[in-house]
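I have placed the structure first, in the form of structure tokens, so that the comments after it can refer back to it.
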Amino acid sequence: MSHENQNGNRYESRYGHQYPSLAGRTAVVTGAASGIGEAVAVLLAASGARVALLARRGDRLEAVVGKIRADGGEALAVVADVTDDASVDAAVAAVHEAYGNVDLVVNNAGVMLPNPVDDGRIDEWRRMLDTNVTGVLRVIRAFTGDLVGAAAEGRAADLVNVSSIAAHIAFPNYGVYGATKAAVTYLSQALRVEFGPRDVRVTNVEPGLTETELATHLDNAELAGQLDGMFDAIGGLSAAEIADVVGYATSRPRHVNLRQIMVLPTRQA
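Under our numbering, the first residue of the sequence shown carries the number 11, and numbering increases by one thereafter.
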């Protein structure tokens, strides 16, 4: 389906939805080289926001940014690793130099490395904790001042954390991944207590089975097969469908906070 953005250019989307109230906002999206992050960045840019895309893979980022710009959107590729303090600090400097302060942050970067706990894969545990939990915190620390400042000026200010249904439902062999996502869900709840009184919205999005690159991280053939079987039986959501939820939530009037959104395929219990 083809649509026309505010600059008169055409872009391709599965949706007729754009969110005009997002025009003029300045957003940061982590994990933006593929999957949900890419889809969110494309949707925000199509709605008129300036979008800084953060991820480790510079070539993929440049490709996404090129697509956004070709469609008349405004986007910036920033190579960054959320597990590295200096990398995040450098990314913040690059975003501020190009766009100034931001008012919309989407914490999407994450990894999913399932294996039985008794395999003792501490390397995987550390990677998931540092990306899915500490990485989220690094980005929050980096942009809290921007969000609080935007809200103090009477503008909409949004922090969106992408968690998972695994925060609530235990899946065999996904225990550590689920624990990291439960941490993100709890952190979002706690941040609303701190940020809400200052008019910064915190939205926690928990997707169910979704078609992204997370499945390619698996190094366990049996678990990969099980995941493929779930997609065959249930049918997964697309990254664009999760992005549409993010666009809807952040485009509401600034006094309306869609605080917790669980998004599942209809057949997923």
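No residue lacks a Cβ here, since even glycine has one placed at the ideal position from N, Cα and C.
Everything numeric in this text was worked out from a predicted model, so none of it was measured.
Pop quiz: residue i and residue j are said to be a contact at Cβ under 8 Å. What is the actual Cβ separation, rounded to whole angstroms?
i: P10; j: V273; result: Lying outside 11 to 279, the shown extent of the chain, residue 10 is not represented and no answer is given.
i: T213; j: A259; result: 5 Å
i: G120; j: T141; result: 6 Å
i: F205; j: V38; result: 16 Å between Cβ atoms; not a contact.
i: L169; j: V194; result: Incorrect: roughly 12 Å between the Cβ atoms, too far for contact.
i: L86; j: A108; result: 5 Å
i: P124; j: Y184; result: 4 Å
Who are the near neighbours of residue i in its chain, counting only those whose CB is closer than 6 Å to its CB and skipping five residues on each side?
i: R148; result: V92, V98
i: S198; result: N171, V212, N214
i: A166; result: R264
i: V116; result: V39, V50, V170
i: S31; result: S261
How far does the alpha helix (DSSP H) with residue i in it extend, from its first residue to its last?
i: E216; result: Segment 211-217 is the beta strand (DSSP E) holding E216; no alpha helix (DSSP H) there.
i: A100; result: 95-109
i: R151; result: 145-162
i: R70; result: 68-80
What residue does the beta strand (DSSP E) around residue i start on, and which one ends it?
i: L254; result: A small correction: the amino acid at residue 254 is Asp; Leu does not occupy that position in the sequence shown. Premise fails: D254 lies in the alpha helix (DSSP H), 249-260, not in any beta strand (DSSP E).
i: E84; result: 84-89
i: T36; result: 36-40
i: I179; result: Segment: none, I179 is in no beta strand (DSSP E) and carries neither H nor E.
Can you give the Cα-Cα distance for residue i and residue j, rounded to whole angstroms?
i: G130; j: Q278; result: 30 Å
i: S57; j: D69; result: 24 Å
i: L247; j: I150; result: 27 Å
i: A59; j: A177; result: 30 Å
i: A62; j: R35; result: 11 Å
i: H106; j: V112; result: 8 Å
i: S261; j: L233; result: 38 Å
i: A65; j: A90; result: 5 Å
i: D133; j: E48; result: 27 Å
i: I244; j: E163; result: 45 Å
i: N118; j: N267; result: 19 Å
i: A161; j: I175; result: 30 Å
i: Y196; j: I252; result: 20 Å
i: M122; j: V52; result: 23 Å
i: G257; j: K77; result: 19 Å
Between residue i and the rest of its own chain, which residues show a CB-CB distance below 7 Å, the 5 nearest in sequence each way excluded?
i: V255; result: V215, I271, V273
i: A180; result: G188
i: T190; result: M138, L139, N142, V143
Identify, in the order they occur along the chain, each residue of the same chain with its Cβ nearer than 8 Å to the Cβ of residue i, setting aside the five sequence neighbours on each side.
i: V75; result: L63, A85, L86, A87
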